[in-house]
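Chemist:
4 protein chains.
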Amino acid sequence: MSSTYGERLKLSIFGQSHGAAIGMTLDGIPAGLPVDLKKLQEFLNRRAPGQNDYSTPRKEADQPEFLSGIVDGYTCGAPIAAIIKNKNTRSGDYSNSKDCPRPGHADYTAQIKYGGYQDTAGGGHFSGRLTAPLCIAGGLCKQWLEKEGILIGAHLVCVGGVTDDPFDPMNPQLDQVRSDFPVISEAAGARMREIISNAKADGDSVGGIIECAVTGLPAGLGDPMFFGMESRIAQLVYGIPAVKAVEFGAGYAVGYMRGSEHNDAYTVQDGTVKPLTNRAGGILGGITTGMPLYFQVAIKPTPSIAKIQQSASFSKLEAVDLQVKGRHDPCIAPRAVPVIEAAAAIAIFDAYLSRY
Amino acid sequence: MSSTYGERLKLSIFGQSHGAAIGMTLDGIPAGLPVDLKKLQEFLNRRAPGQNDYSTPRKEADQPEFLSGIVDGYTCGAPIAAIIKNKNTRSGDYSNSKDCPRPGHADYTAQIKYGGYQDTAGGGHFSGRLTAPLCIAGGLCKQWLEKEGILIGAHLVCVGGVTDDPFDPMNPQLDQVRSDFPVISEAAGARMREIISNAKADGDSVGGIIECAVTGLPAGLGDPMFFGMESRIAQLVYGIPAVKAVEFGAGYAVGYMRGSEHNDAYTVQDGTVKPLTNRAGGILGGITTGMPLYFQVAIKPTPSIAKIQQSASFSKLEAVDLQVKGRHDPCIAPRAVPVIEAAAAIAIFDAYLSRY
Amino acid sequence: MSSTYGERLKLSIFGQSHGAAIGMTLDGIPAGLPVDLKKLQEFLNRRAPGQNDYSTPRKEADQPEFLSGIVDGYTCGAPIAAIIKNKNTRSGDYSNSKDCPRPGHADYTAQIKYGGYQDTAGGGHFSGRLTAPLCIAGGLCKQWLEKEGILIGAHLVCVGGVTDDPFDPMNPQLDQVRSDFPVISEAAGARMREIISNAKADGDSVGGIIECAVTGLPAGLGDPMFFGMESRIAQLVYGIPAVKAVEFGAGYAVGYMRGSEHNDAYTVQDGTVKPLTNRAGGILGGITTGMPLYFQVAIKPTPSIAKIQQSASFSKLEAVDLQVKGRHDPCIAPRAVPVIEAAAAIAIFDAYLSRY
Amino acid sequence: MSSTYGERLKLSIFGQSHGAAIGMTLDGIPAGLPVDLKKLQEFLNRRAPGQNDYSTPRKEADQPEFLSGIVDGYTCGAPIAAIIKNKNTRSGDYSNSKDCPRPGHADYTAQIKYGGYQDTAGGGHFSGRLTAPLCIAGGLCKQWLEKEGILIGAHLVCVGGVTDDPFDPMNPQLDQVRSDFPVISEAAGARMREIISNAKADGDSVGGIIECAVTGLPAGLGDPMFFGMESRIAQLVYGIPAVKAVEFGAGYAVGYMRGSEHNDAYTVQDGTVKPLTNRAGGILGGITTGMPLYFQVAIKPTPSIAKIQQSASFSKLEAVDLQVKGRHDPCIAPRAVPVIEAAAAIAIFDAYLSRY
């Protein structure tokens, strides 16, 4: 049950990169929620490939077909199912990956786990393409949260050493993220694009770090221990290919801090008690404080690079010089930005349904 | 269902810090596994409080009573239940935390979520004391994995800026972690202890970073997407109080790396294809590669500090100068080391049961 | 998460009767299992409507399109997704059911639960049509169990008081169930068809009882308490519309029996200890004994009847004489026979995956 | 994960009949619910053994110790854990059951599944004694439902052919069930007791049928398909040892009925649309109609009988004449009455938490 997530809602993701279709089912959604398909498409377009020089030239419209769960623009209470048909497939590009695993890919583990029966075309079920149905589910949850005043946004906070302005923990500037490239600082964005272009020119790729923030959250979402907000979000975010680190609030830096530096003091504000600062990232004891929730996610460099790499053949047991073909993003992080938003939306909407 | 974890096994943790008892039930364990109670006690002692100058003087023997699931030294197939009775309780220390939340604690969110019905004594169900039953479950899983040649160890890799020798990703030196203080380098340990003592002397606390490694893993454990090894471990580890960051393999650094630097090339070794390096942390596509699995966890500084902090009263809606009383660790990270091992053991044994 | 089932596998059913498509995802299936699509279609045809005079004239080919999870005739380890497009829809037949609930249908509860947002066309997600994707999942599980020597068959044991020869608990005569009408005794089948035709002629419908048996099961499947075989099968079978009773082994009759009549004694046979009789229905303590597993299921009469029935209008709050239009089976039980087999196959394959 | 149940709440049952203790954890319960321990004890006493001549002379006070989750008489939001220590144990009575399975017991399947590691004393985890912690959980849920006006009651509707007055489907006479013996008709109760005494005198046992009803339910509880009320209740009820049949509403009789006889017509009543009759048992499409929910459960005769029975030895592979010793109820059905109420309460409270 690898590709199923959720407590109150049940999200099931299916499909392989170059199979007939990819898609998702989303069960447990209340009836009567409005669905804005135009807005959803705009959200999906942020993830879609082929839009510019720093992403893969594989073009996929990523237009979902809804098969169930929505009637006359509203959820009907039945499971929502949607698919995206795969059109622009070139499975011939991948015929070798069973015998000769591409470094950094799941080819190696898939071969061992599935014994050669795995779908290798385009990475099969391990492909980043599976984040498209995740974005269908997440785009819907994002819409529904917005109706409750809960906003989610993310940006590239670092690519190859270049850093964007970070979100303000007390008041994340979600509306300042640029629509052409997901950063706040135009200058930082320009330098990041240069770094990505340089990597591409070198037949290489580069990783990045994404920061995501959620505002308008009520206090009291999430549960202690294994269903705390960190656990819920991390389980889902780590399901996104290429994620290797997740941190909340002050994150890793807490290992270097003293309690007096880290603790958020309280004050009286708006007729109630509130934290004065937000190093906790909006979560204490797994439960939202009502302050902005924010977290960072590290995305590894795209493993598919044009440079020749050393691999080996399972069948011949000899070293092989491997050059990965196919069309690949030199940096997947920009397209992962809406995916992280989608994951946050799903995890938060699930917790929201548990409480309201 | 906040305190329940697992796919094949079901772990349920219960208890409050100063209630009658804390404990756990562990369902889904096969019959016929041997249980070495002496070894388990040694493992629990590593977490137990009151052992030295840098931990809380609250003394608890942390001796589990097994109520079910074990007969004549072997699991019998029925759910395992164990409790630890709370003896050394001083609930009077905590009477104020409902109205005046302690900064950095879950007091604030518990008050909002549970509306005043929460057990505040010692942090109630949010207390770090709940990691004792986690260690019962984890200590058992660790024993069972050892029988299969799978070893788990952790150490403090950083406290307040002082760093220990890191684990070698290809061959983590688990047997070099010292038993008196969980570091590899005696000198680093001495400096960390000094930092902790200084923090204590200042009425303050300090955070730390723990590195955990697992050796002897077969390739093929874990699943793609939401039940990948990273998702499984992160969900559980984030259930441990004070954890604010989790990273696998090269972790955050991947955001700064190029693909050619990060990808692990393959070679032929021992008659099969194997990775030459291990920046992936032993996981590709959520599935173990057979290389050592390693990850780092950041532990925030103990929020309970002697220094006066600013809080506010829910009832009077006025600022309050708060001095946290009670007995607290100036740095919880050393005692968290076996807890992280326990979490890793549970997550891995769960995945192991799924496959074998 | 109403439409999701399973422990080791995760089955998710979606779709509404007259929506774009119905379908299912099946996660957790091992790689390398062969899929015989021709055999699956034959199984689905047994459930499909429009085949004879006692079923609805709505014709649907019920041909599944597989979107994922199968490559070159074998499962690939990724979730299996399949859809059946709805072609022969007449949604105009159902426009009234929101305001004026059809007696015996879910119209009434759907209106209250979903507040008018439910899809009422053809019963929406409550339609018996949703058993088609259940049969896709079940037909696959049935194939895989057959490879292990585990056979599943069912027959109509009663329709309107006419009873078929029951299965022999020690040796259920699965191969004697007729292919034209699912009974063992041709004479009983002829009388049942007459009863169904008479009900139809009267503008009425009739219920039935199905008996299902499983042979070739290994001993040791299932678990004590809530994941015993009875619990697993009953949860799934009660998810099939129109099921109102489920009994295992001697079933209801146990309430009338003495222990000395009911207990199955043991003997030595084939070099091991085996039960001499099988009143337990192949299950003791929730776990299979290795004897044939058998159970009975009562199917209520199709609620849609041509006769005028008394209903009432939610909006006008006045009584209404209702005549249900549309195309309906006068007895759904014959078509439910493969659905019960499918449910048994899914529950047993799930338990099988847990053990092997 | 055999002994864990629930969607919104997570119930975990542990213990073996003659182990140190039996108990339960109940996670997912909101904070602030009052707990009346005296009332709970009265409920548990209805199940407790040793109260009269037709139950086992083993005396157990069945007094729960609450370890967590309750503070000052209210739930605190943390998991509730409670244990009952086993006092009156005589494990010597059961030493033979590993090699020589008692007919009708789980000895046979336990031996095969657990390979000799199972706890055989008193049936171990398969013992009816495990229904005591189920009654702790169920007794609490029953209290909480009562506060919402939802009442649950059950009675013996049949023992050995003697039938009690059935519940009125429109208005079940819960308050007419007698406290000394759980029947409505004193005469029927007297005859049932005679039947039980006769069975005991013959060294035999007898089965029974329990009818359970729930009143005051809101419409709209439960979900379509696998989380319908029938699925939820049946999964839990089949987890109770000795249950072999479960039917809802008109139950098995639906197999003999016509649609015009079975369908419940609608009328306008109390300013809304309501069913005129209740053959559906208060459930349509898996969802409560707001009418009384009722179901019947068949309990097999106690397998432990004094009469000599035929068994066989696993080790010697020879037939054995077996006389079961120990203390056993000649009819377990009377003591199972509160257990069925407990199961209904848990399933309904779980569904209730999902909706409110």
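Chains as they are written, first to last, in the numbering used here: chain A, 1 to 356; chain B, 1 to 356; chain C, 1 to 356; chain D, 1 to 356.
Virtual Cβ for every residue (Gly too), placed ideally from N, Cα, C.
(1) Along chain D, which residues have their Cβ under 7 angstroms away from the Cβ of C/E318?
(2) If you scan the region 94-130 of chain D from start to end, which runs of the alpha helix (DSSP H) of 4 or more residues do you find wholly inside it?
(3) Determine the contact status of C/A213 and C/P172, defining contact as a CB-CB distance below 8 angstroms.
(4) Can you say whether A/Y359 is buried or exposed, counting buried as having 16 or more other CB atoms within 10 angstroms of its CB?
(5) What residues from the region 71-83 of chain B come within 9 angstroms of chain D, judged by C-beta to C-beta, listed N to C?
(6) Please classify B/F66: does DSSP put it in a helix, a strand, or coil?
(7) Tell me which residue opens and which closes the alpha helix (DSSP H) that B/D270 is part of.
(8) Where C/G123 and C/C331 are concerned, what is the direct C-alpha to C-alpha distance, given to the nearest angstrom?
(9) Can you tell me which residues form a DSSP beta bridge with D/G220?
(10) Flag D/M1 as yes if its beta-carbon sits less than 8 angstroms from any beta-carbon of chain A, otherwise no.
(11) If the cut is a Cβ gap below 8 angstroms, which residues of chain B does A/Y356 touch?
(12) Alpha helix (DSSP H) containing D/Y238: first to last residue?
(13) Cα separation between C/D119 and A/E194?
(14) Round the Cβ separation of B/I287 and A/A106 to the nearest angstrom and send it over; I've been treating them as touching at under 8 angstroms.
(15) Given B/E230, which residues of its chain have a CB within under 7 angstroms of its CB, disregarding the five upstream and five downstream residues?
(16) Can you give me, in chain order, the residues of the region 31-47 of chain D that have a beta carbon less than 7 angstroms from any beta carbon in chain B?
(17) Between the beta-carbon of C/V246 and the beta-carbon of D/V246, is there less than 8 angstroms?
(18) Would you decide whether C/K13 is buried or exposed? Buried here means 16 or more other CB atoms lie within 10 Å of its CB.
(19) When you compare the CB positions of D/V268 and C/L317, do they come within less than 8 angstroms of one another, or not?
(20) Using 8 angstroms as the cut-off, can you tell me whether the region 122-139 of chain C makes contact with the region 12-30 of chain C, which would need three or more C-beta pairs spanning the two stretches below that distance?
(21) Considering only residues of the same chain and omitting the five flanking positions on each side of C/T359, which have a CB-CB separation below 8 angstroms?
(22) Which residues in the same chain have their Cβ closer than 7 angstroms to the Cβ of B/A199, if we skip the five residues on either side of it in sequence?
(23) On a CA-only basis, which of D/S97, D/K113, D/I29, D/K98 is nearest D/I80? Give me that one, please.
(24) Relative to the alpha-carbon of B/L236, which residue among B/Y356, B/E341, B/D27 has its alpha-carbon at the smallest distance?
(25) Look at the alpha carbon of B/M1 and the alpha carbon of B/Y356, and state the distance between them as a whole number of angstroms.
(26) At a CB-CB cut-off below 7 angstroms, which residues of chain D make contact with C/K307?
(27) According to DSSP, simplified to helix, strand and coil, what is C/C358?
(28) To the nearest angstrom, report how far apart A/K307 and B/Y252 are at their CA atoms.
(29) Within this structure, are the beta carbons of C/G255 and D/I209 separated by less than 8 angstroms?
(30) For a cutoff of 8 angstroms on Cβ pairs, would you count B/A347 as touching chain C?
(31) Look at D/A137 and D/I346 and say whether their C-beta atoms are less than 8 angstroms apart.
(32) In the structure shown, what three-state DSSP assignment does D/H262 receive?
(33) For a contact defined as C-beta to C-beta under 8 angstroms, what are the partners of B/Q63 on chain D?
(34) Closer than 9 angstroms, Cβ to Cβ, to anything on chain C: give me those residues from the region 233-252 of chain D, in chain order.
Modeler: Looking at the atomic coordinates:
(1) Here the neighbours are V268.
(2) Annotation: the region 94-130 of chain D contains the following complete segments of the alpha helix (DSSP H) (minimum length 4 residues), in chain order: 107-114.
(3) Taking 8 angstroms as the Cβ cut-off, C/A213 and C/P172 qualify as a contacting pair.
(4) In this structure chain A extends from 1 to 356, so residue 359 of chain A is not present and cannot be described.
(5) Those would be V71, D72, Y74, T75, C76, G77, A78, P79, I80, A81, I83, in chain order.
(6) B/F66 carries a strand assignment under DSSP once its states are collapsed to helix, strand and coil.
(7) Careful: B/D270 lies outside any alpha helix (DSSP H) and carries neither H nor E.
(8) Going by the C-alpha atoms only, they are around 17 angstroms apart.
(9) Bridge pairing for D/G220: absent [DSSP].
(10) In this predicted model, D/M1 has a pLDDT of only 45, less than 50, meaning its place in the structure is not dependable enough to derive any value.
(11) Annotation: A/Y356 has no Cβ neighbours in chain B at a cutoff of 8 angstroms; minimum Cβ distance is about 13 angstroms.
(12) Boundaries for D/Y238: no alpha helix (DSSP H) harbours it, and the DSSP string shows neither H nor E there.
(13) Pairing C/D119 with A/E194, the inter-Cα distance amounts to about 51 angstroms.
(14) Sure, about 7 angstroms apart at Cβ, within 8 angstroms.
(15) Cβ neighbours of B/E230 beyond the five flanking positions: F248, I283, G286.
(16) Listed in sequence order: A31, G32.
(17) Going by C-beta atoms, C/V246 is nearer than 8 angstroms to D/V246.
(18) According to the sequence as given, residue 13 of chain C is Ile; it is not Lys. Label assigned to C/I13: buried.
(19) Yes. Within cutoff.
(20) Output reads yes: the region 12-30 of chain C touches the region 122-139 of chain C.
(21) In the structure displayed, chain C extends from 1 to 356; residue 359 of chain C sits before or after that span and is not available.
(22) Take B/A199, set aside five residues on each side of it, and the residues of its chain with a beta-carbon closer than 7 angstroms to its own are S205, V206, P330, C331, in chain order.
(23) The alpha carbon of D/I80 has as its nearest neighbour, out of D/S97, D/K113, D/I29, D/K98, the alpha carbon of D/I29.
(24) Closest by alpha carbon: B/E341.
(25) Its pLDDT being 44, under 50, B/M1 is placed unreliably by the model, and nothing is read from it.
(26) Neighbours of C/K307 on chain D, chain order: S260.
(27) Nothing can be reported for residue 358 of chain C: it is not among the residues displayed for chain C, which extend from 1 to 356.
(28) Going by the C-alpha atoms only, they are around 24 angstroms apart.
(29) Using a Cβ distance threshold of 8 angstroms, C/G255 and D/I209 count as a contacting pair.
(30) No, B/A347 lies away from the interface with chain C (no Cβ there is under 8 angstroms from its Cβ).
(31) In contact: D/A137 and D/I346 (Cβ atoms closer than 8 angstroms).
(32) In this structure, D/H262 counts as helix in the three-state DSSP scheme.
(33) Simply none; closest approach about 14 angstroms.
(34) Contacts with chain C (Cβ-Cβ distance below 9 angstroms) from the region 233-252 of chain D involve I233, A234, Q235, L236, V237, Y238, G239, I240, P241, A242, V243, K244, A245, V246, E247, F248, G249, A250, G251, Y252, listed in chain order.
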